[in-house]
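In UniProt numbering, the protein residues as written are 1 to 104.
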């Protein structure tokens, strides 16, 4: 077991904290815009997660997008279009995750 620095002790496990910050701060603006339909808000959130490669958060937001009425075809098409911006590896990972979510 290695000894942690003071900074490591204060920060702790950063991944869950970053995920929470992303949801609470980055996406809060999108979700508070009531003039946008829930489908649109879900699509914007999924697009942000795909381009950033945040696959750990993508599953939950894809489930929410599905619940908000987006179909597997719509999401697959959106992810494919994002490949030119996010890169094919990120887009293909997101497509595989979307297939898993819709198979549930």
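Where a beta carbon is used, it is the ideal one built from N, C-alpha and C, also for glycine.
- Leaving aside the five residues that flank residue 101 on each side, the residues in its chain whose CB is nearer than 7 Å to its CB run, in chain order, 59, 62, 63, 66.
- Counting other Cβ atoms within 10 Å of its Cβ, residue 41 reaches 16 or more and is therefore classed as buried.
- Beyond the five residues adjoining it in sequence on each side, residue 38 comes within less than 7 Å, by CB distance, of 68 in the same chain, given in chain order.
- Per DSSP, the unbroken alpha helix (DSSP H) holding residue 56 starts and ends at 55–67.
- Here the alpha carbons of residue 92 and residue 35 stand approximately 31 Å from one another.
- Relative to the Cα of residue 43, the nearest Cα in the group 83, 90, 71, 88 belongs to 71.
- Between residue 98 and residue 75, the C-beta gap is smaller than 8 Å, which places the two residues in contact.
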